[in-house]
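S.K.: Take a look at the following structure, please.
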Amino acid sequence: MTAPTDALTLPCGVTVKNRLLKGAMSEALGRRDHAPRPELPALYARWAGGGTGILLTGNVMVDARALGEPGNVVLEDERHLAEFHAWAVQGSRGGAALWMQLNHPGKQAPRGLNAGGTVAPSAVPYPGGLARAFETPRALTVPEIHDLTARFARSARLAQRAGFGGVQLHAAHGYLLSQFLSPRHNVRTDEYGGSLEHRMRFLLEIFDAVRAAVGPRFPVSVKLNSSDFVRGGFSEEDSLAVVAALGERGCDLIEISGGTYEKPMMMLGQGERGGFFADFAGRARAAAGVPLCVTGGFRDAATIRQVLAEGSADAVGLARPLVTDPDFSARVLRGEDVSSEVRPLKTGLGLLDGSGYLEIAWYEDAMRRLARGQQVRAGEAPLLALARIAAETGLGAVLRRRRA
Ligand SMILES: Cc1cc2nc3c(=O)[nH]c(=O)nc-3n(C[C@H](O)[C@H](O)[C@H](O)COP(=O)(O)O)c2cc1C
């Protein structure tokens, strides 16, 4: 029976010290030139001290022309390796495995943020209200797809050189790789669209290119949706097939999440057993044949222990609970009957409540405070957090923030 304290040996041969993972949370702590700001090493030193076995960075972009939000960190060349190295050192303290999440937003980038517009598998706009936030993208050409594959590989190799202990490809939550997987967003008729085999080609080619760039002994993980939760989108059946394909390639850890901007289940989902995607994870783990992690909605030690003990997953991911209590993992590992204070945020203002947007703004503000050694209290003054983020980054930037 697996316990949170058990070490986990990955297919690449690397052993991580326990079964708890900090999920990626975009910190928006990039400088104007997209290098990591000094708050990042400080923040990750705090998390490394909290016992969690694997720490995922917030998404780091592979192309400065394609930001997902203002303040993104970008790793596309050697310019800022010293700053990345400082981040890697602090986030690896005490034997934590610090992995960099690599991302490209595709069409899920706020209107006007990227001067050259946005790209996607196909020129399919978002429906309804989201069309106001995101412009209609241009379809990528095949040479551009190959160029992006090389970019993911280059960024992964740079992360390795900077001292990060692994990388994760972000193929969940509606960003570019997730857009390719979805038959709703990918209506290409070439070898990158159509059948599921074609839709997953881009992800698998990136995986292979990254593996070739970092070598066989370096953890390469993928974050994947269980489903997009929209009609005609990426389904659970599709997801199980992608999990199997990644398993065959020896993916070191598949992290299961779910949802997109249209249906932000990763932020607002309600799991029947305390986790949003635990039931699906159990089925995916059987198909994977490689380690599987499930993230979203875990709030108490008992549920985490149960998911591991019954074999629904090999590791459990925590995001928001580690912002309000960076030592939450240490307490679970000590066997405490701990329960997180994280609850859905409420302002009393209908439009804001229940929007992934409020969650993002509050936790972003909270991560800044954590990085400065300040106290963070669960659910505290959500409107004040919005105001502080607006004061720091400008109201325009706040309005252009993404949802997850
Ligand atoms: C502020 C914030 C930023 C996030 N940024 C990312 C991200 O960059 N990449 C990602 O895969 N997920 C991101 N997420 C989603 C989390 O990794 C996680 O899947 C989600 O919060 C559910 O886990 P939780 O219930 O433990 O918070 C973000 C979540 C929050 C709150």
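For the working numbering, count along the sequence shown from 1 and bump the result up by 78.
Idealized CB from N, CA, C, for every residue including glycine.
To the nearest angstrom, how far is the alpha carbon of alanine 322 from that of arginine 309?
M.R.: In the sequence shown, the residue the question calls residue 322 occupies position 244. In the sequence shown, the residue the question calls residue 309 occupies position 231. Taking the straight line joining both Cα atoms gives about 23 Å.
S.K.: Helix or strand or just coil, what does DSSP make of glycine 395?
M.R.: As a first step, residue 395 is located in the sequence shown; it is residue number 317 there, counting from the start. Correct three-state label for glycine 395: strand.
S.K.: For valine 298, which three-state DSSP category applies?
M.R.: One-based indexing of the sequence shown puts residue 298 at position 220. Three-state result, valine 298: strand.
S.K.: If we call anything under 9 Å between Cβ atoms a contact, is glutamate 414 one with alanine 379?
M.R.: If you number the sequence shown from 1, residue 414 lands on position 336. If you number the sequence shown from 1, residue 379 lands on position 301. Yes, the pair counts as a contact, with Cβ atoms nearer than the cut-off.
S.K.: Answer yes or no: do glycine 374 and glycine 108 have a C-beta to C-beta separation smaller than 9 Å?
M.R.: Walking along the sequence shown from the start, residue 374 turns up at place 296. Walking along the sequence shown from the start, residue 108 turns up at place 30. In this structure, glycine 108 does not lie closer than 9 Å to glycine 374 by Cβ.
S.K.: Work out the CA separation of arginine 210 and threonine 83 for me, nearest whole Å.
M.R.: Residue 83 sits at position 5 when you count from the first residue of the sequence shown. Residue 210 sits at position 132 when you count from the first residue of the sequence shown. Rounded to whole angstroms, threonine 83 to arginine 210 spans 47 Å at the Cα level.
S.K.: Closer than 6 Å by C-beta to serine 407: which residues in its own chain qualify, once you throw out the five before and the five after it? Chain order, please.
M.R.: For the purposes of this step, residue 407 is taken as residue 329 along the sequence shown, with counting starting at 1. Cβ within range, chain order: Leu98, Gly128, Gly129 and Thr130.
S.K.: Can the beta-carbon of leucine 145 be found less than 9 Å from the beta-carbon of leucine 218?
M.R.: Translated into the one-based positions of the sequence shown, residue 145 becomes position 67. Translated into the one-based positions of the sequence shown, residue 218 becomes position 140. Taking 9 Å as the cut-off, the Cβ atoms of leucine 145 and leucine 218 do not count as close.
S.K.: Looking at the structure shown, is glutamate 147 part of a helix, part of a strand, or coil, going by DSSP?
M.R.: Looking up residue 147 in the sequence shown gives position 69. Three-state result, glutamate 147: coil.
S.K.: Just to confirm, does isoleucine 438 get its C-beta within under 8 Å of one of the non-hydrogen atoms of ligand 1?
M.R.: Walking along the sequence shown from the start, residue 438 turns up at place 360. Yes, ligand 1 has a heavy atom inside 8 Å of this Cβ.
S.K.: What residues in its chain sit with their C-beta under 7 Å from that of lysine 185, if we drop five residues either side in the sequence?
M.R.: Sequence index remark: in the sequence shown, residue 185 carries index 107 (1-based). If the five residues before and after lysine 185 are omitted, its C-beta is found closer than 7 Å to the C-beta atoms of Thr196, Ala198, Phe212, Pro215 and Gln257, all from its own chain and listed in chain order.
S.K.: Please classify valine 385: does DSSP put it in a helix, a strand, or coil?
M.R.: If you number the sequence shown from 1, residue 385 lands on position 307. Valine 385 falls in the helix class under three-state DSSP.
S.K.: Could you tell me how far apart the beta carbons of serine 418 and aspartate 405 are, in whole angstroms, since I believe they sit closer than 8 Å?
M.R.: Looking up residue 418 in the sequence shown gives position 340. Looking up residue 405 in the sequence shown gives position 327. Actually they do not touch by this definition, with Cβ atoms about 11 Å apart.
S.K.: Quick one: residues in its chain with C-beta nearer than 7 Å to the C-beta of tyrosine 270, no 5 flanking neighbours on either side, listed in chain order?
M.R.: In the sequence shown, counting from the first residue as 1, residue 270 sits at position 192. Hits under 7 Å: Pro199, Ile223, Phe258, His276, Arg279 and Phe280.
S.K.: Report the start-end ranges of each beta strand (DSSP E) in the stretch 86-154 that is 3 residues or longer and not cut off at the edges.
M.R.: 98-100 and 132-134
S.K.: How about tyrosine 441: is its Cβ closer than 8 Å to a heavy atom in ligand 1?
M.R.: Mapped onto the sequence shown, residue 441 falls at position 363. Tyrosine 441 has its CB nearer than 8 Å to a heavy atom of ligand 1.
S.K.: For ligand 1, is there any heavy atom lying closer than 8 Å to the beta carbon of glycine 395?
M.R.: Within the sequence shown, the letter at position 317 stands for residue 395. Yes, Cβ of glycine 395 sits closer than 8 Å to a heavy atom of ligand 1.
S.K.: Could you spell out the range, first to last residue, of the alpha helix (DSSP H) harbouring glycine 169?
M.R.: Against the sequence shown, residue 169 aligns to sequence position 91. Where glycine 169 is concerned, the enclosing alpha helix (DSSP H) stretches over 159-169.
S.K.: If you draw a straight line from the C-alpha of arginine 361 to the C-alpha of methionine 345, how long is it?
M.R.: On the sequence shown, residue 361 is found 283 positions in, with the first residue counted as 1. On the sequence shown, residue 345 is found 267 positions in, with the first residue counted as 1. One C-alpha to the other measures close to 22 Å.
S.K.: Starting from methionine 79 and walking both ways along the alpha helix (DSSP H), at which residues does that stretch end?
M.R.: Working through the sequence shown from its first residue, we reach residue 79 at position 1. No alpha helix (DSSP H) contains methionine 79, which DSSP labels as neither H nor E.
S.K.: In the structure shown, what three-state DSSP assignment does alanine 469 receive?
M.R.: In the sequence shown, residue 469 corresponds to position 391, counting from 1. Here alanine 469 sits in helix by DSSP.
S.K.: What runs of the beta strand (DSSP E), each 3 residues or longer, lie entirely inside the stretch 229-295?
M.R.: 244-249
S.K.: My guess is that alanine 120 and alanine 449 are in contact by the Cβ rule of under 8 Å, so how many angstroms apart are they, rounded?
M.R.: Here residue 120 corresponds to residue number 42 of the sequence shown, with the count starting at 1. Here residue 449 corresponds to residue number 371 of the sequence shown, with the count starting at 1. Contact between alanine 120 and alanine 449 holds: their C-beta atoms lie close to 5 Å from each other, under 8 Å.
S.K.: Take the Cβ of glycine 172 as the centre, count every other Cβ of all protein chains shown within 10 Å, and call the residue buried at 16 or more, exposed below.
M.R.: For the purposes of this step, residue 172 is identified with residue 94 of the sequence shown, where counting begins at 1. Result: exposed.
S.K.: Expressed to the nearest angstrom, what Euclidean distance is found between the alpha-carbon atoms of glutamine 238 and methionine 103?
M.R.: Along the sequence shown, read from residue 1 onward, the residue named residue 238 stands at position 160. Along the sequence shown, read from residue 1 onward, the residue named residue 103 stands at position 25. Our two residues, glutamine 238 and methionine 103, have alpha carbons roughly 20 Å apart in a direct line.
S.K.: What is the rounded straight-line gap between the Cα of alanine 444 and the Cα of arginine 466?
M.R.: Counting from 1 along the sequence shown, the entry for residue 444 is found at position 366. Counting from 1 along the sequence shown, the entry for residue 466 is found at position 388. Cα to Cα, the separation comes out at about 10 Å.
S.K.: Count the other C-beta atoms from every protein chain shown that fall within 10 angstroms of the C-beta of leucine 429, then say buried if there are 16 or more, exposed otherwise.
M.R.: Here residue 429 refers to the residue found at position 351 of the sequence shown. Counting other Cβ atoms within 10 Å of its Cβ, leucine 429 stays below 16 and is therefore classed as exposed.
S.K.: Give the single residue among Thr381, Leu302 and Arg447 whose Cα lies nearest to the Cα of serine 260.
M.R.: For the purposes of this step, residue 260 is taken as residue 182 along the sequence shown, with counting starting at 1. Among Thr381, Leu302 and Arg447, the Cα nearest to that of serine 260 is on Leu302.
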